[in-house]
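The sequence shown runs -28 to -1, 1 to 413 under mature numbering (1 follows the signal peptide of the UniProt record, and there is no 0).
Beta carbons are placed, not taken as given, at the ideal position from N, Cα and C, and that holds for glycine.
If you're wondering where the values come from, they're calculated on a predicted model, not measured in any experiment.
To start, the structure under review is shown below, and the notes come after it.
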Amino acid sequence: MKIKNKIVSVLMATCLVFSSFGFSRSFADSSKVVTIGVNNTAEQKQTILNYFGVKENEVEIVTVNNQEERAYLGKVATEEQLGRKTYSCAYVEPTTEGSGINVKTANITWVTSSMVATTLSTAGLTGANCVIAAVFPVSGTGALTGVMKAFENATGKNLDEDKKELASEELITTGDLGDDIGQDKATGIINDVKADIIKNNTSDKTQIANTINNITNNYNVQLTDAQVDKIVALMEKIAAQHYDYNEMKATLNNVSDVVKDNLKDAGEDLNNSGILDSIGSFFSGIGDWFSNLFSSSKDLGILGDTNDSMLGKDSIIDATDKAAENLPSKEEAEGFLTKIVNWFKSLFSSDSSDGGSDNNSNQNNGTTMTNPDSNNDNNNSNLNNSDNNTDSNSDANNNNENLDNNTNDNSDDQNQSNENNSSDNTLNPEVQTDTEHFDTN
């Protein structure tokens, strides 16, 4: 019985381990494309590919330059925002249409993962995993252009040009608002207003203004007239595109949830925005809970393949799915799995010792019941003492074995730490100061 119970425990632990690393793949046959900012050096390009966890011959690689950024951002971004160089890189994996957009960013400062996700829904994406990164901190204004280009190459389908321009306008509008009220609140307001406008087919300018007022109140924000007018103008353009809410709701709802969680973590409790029906959300939450409970693993797609240690310990990591943030390196994961294997070994070794003790106990009990004389009692007592010594020796051996394993693990961890420190100094040099956002040379 003990062996059976431990086997069940082992299987459950194994499921949890593999779930945490996201080893499952639901979209293995989909195309994957990497875009590289044209101003990255060959060494920086290789660092990005290592961060994405891909080899050059495994994915399609295309470049993105500043002229392509200006094609979509030039009408709405300032010269300072546009810059003259492009360092942002993107890795895109199309998923099932309508499944939602998951985004992870690394060293991207002016835009957040949630901001990019909701903006991509405006561009016409409904299902994709996207990773956006740079070898040193940059604004990320080139990220949207890179993702849209990568998605088109991966699917072989061109996105609507008007929606791409509209997405670029939304990104700049949200970023500018974020400079004044904070990135999360700005993203939440634009995302929730957009969701309400599309869901209710609102096109009247006055109704849009009322929606903005209601939602900004939920976020405890007071906007200026100029800010409201800018959002109204954006939403009128969005309303004219006649988006399908059902195709976008997975992304819009997820962004809203992520923003609220971030603000809650920051100590702000928001009012109910009224966009999601509270009863429907409650039962949806229960369904998600059961789904996660019985799912063998959580598929993060390419978000789970990144090597966060490649960009240095001070890199800025953000994701629409918190399970994708600060993932362990391959070496750290292997070290952890080694510890689990060693634990399994000690578990079954201990089980074998327990089994021997149980059998001896049963034999002694049987002898005592049929031969209740003092000589047999003494013999049984000696036998029990011998068994106890054997078990103690077995436990000592197990402890020594575990001590050896821990010593090896600590040595491995120290070596890995040294390697990471070396990697930090090599891949994140202090001489790098260029950014997309501020470089206008």
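Evaluate residue i with the Cβ neighbour count: other Cβ atoms within 10 Å of its Cβ, from every protein chain shown; 16 or more gives buried, anything less gives exposed.
i	result
residue 53	buried
residue 15	exposed
residue 161	buried
residue 197	exposed
residue 276	buried
residue 178	exposed
residue 237	exposed
residue 226	buried
residue 294	exposed
residue 17	buried
residue 288	exposed
residue 150	buried
residue 172	exposed
residue 194	exposed
residue 46	exposed
What does a CB cutoff of less than 7 Å around residue i pick up in its chain, not counting 5 residues either side in sequence?
i	result
residue 83	112, 115, 143, 147
residue 230	86, 292
residue 205	none
residue 58	9, 10, 11, 36, 37, 38, 41, 114, 408
residue 71	99, 222
residue 44	117, 136, 137, 140
residue 200	181, 184
Do you know whose CA, among the options, lies nearest residue i's CA?
i	options	result
residue 208	180, 228, 293	180
residue 60	80, 165, 49, 47	80
residue 4	135, 132, 28, 288	28
residue 123	48, 99, 107	99
residue 156	191, 68, 109	191
residue 280	105, 10, 223	105
residue 212	138, 284, 195, 224	138
residue 26	284, 278, 285	278
residue 23	69, 62, 241	62
Using DSSP's beta-bridge definition, name the partner residues of residue i.
i	result
residue 74	101
residue 33	6
residue 66	100
residue 291	76
residue 110	80
Which value, in whole angstroms, describes the spacing of the CA atoms of residue i and residue j?
i	j	result
residue 34	residue 6	6 Å
residue 93	residue 188	21 Å
residue 274	residue 282	16 Å
residue 48	residue 126	27 Å
residue 218	residue 88	19 Å
residue 220	residue 13	37 Å
residue 90	residue 163	6 Å
residue 210	residue 145	13 Å
residue 42	residue 202	21 Å
residue 129	residue 66	11 Å
residue 186	residue 50	30 Å
residue 272	residue 153	31 Å
residue 436	residue 21	Absent from the structure is residue 436, since the part of the chain shown begins at -28 and ends at 413.
residue 121	residue 240	37 Å
residue 242	residue 224	17 Å
Using a Cβ-Cβ cut-off of 8 Å (strictly less than) and excluding sequence neighbours within five positions of residue i, which residues of its own chain qualify?
i	result
residue 291	74, 75, 76, 77, 85, 275, 297
residue 32	3, 4, 5, 6, 125, 126
Here's a check: name, in chain order, each residue in its chain whose Cβ is nearer than 6 Å to the Cβ of residue i, leaving out the five neighbours to either side.
i	result
residue 102	64, 75, 119
residue 215	170
residue 109	79, 81
residue 96	131, 132, 135
residue 175	211
residue 30	none
residue 68	99
residue 158	146, 149, 150
Nearer than 6 Å: is that true of the beta carbon of residue i relative to any heavy atom of the ligand GTP?
i	result
residue 200	As far as ligands go, the structure on display features none, and thus does not contain the ligand GTP.
Answer with yes or no whether the minimum CB distance from residue i to chain C is below 7 Å.
i	result
residue 127	Structure shown: chain C not included; a single protein chain is present.
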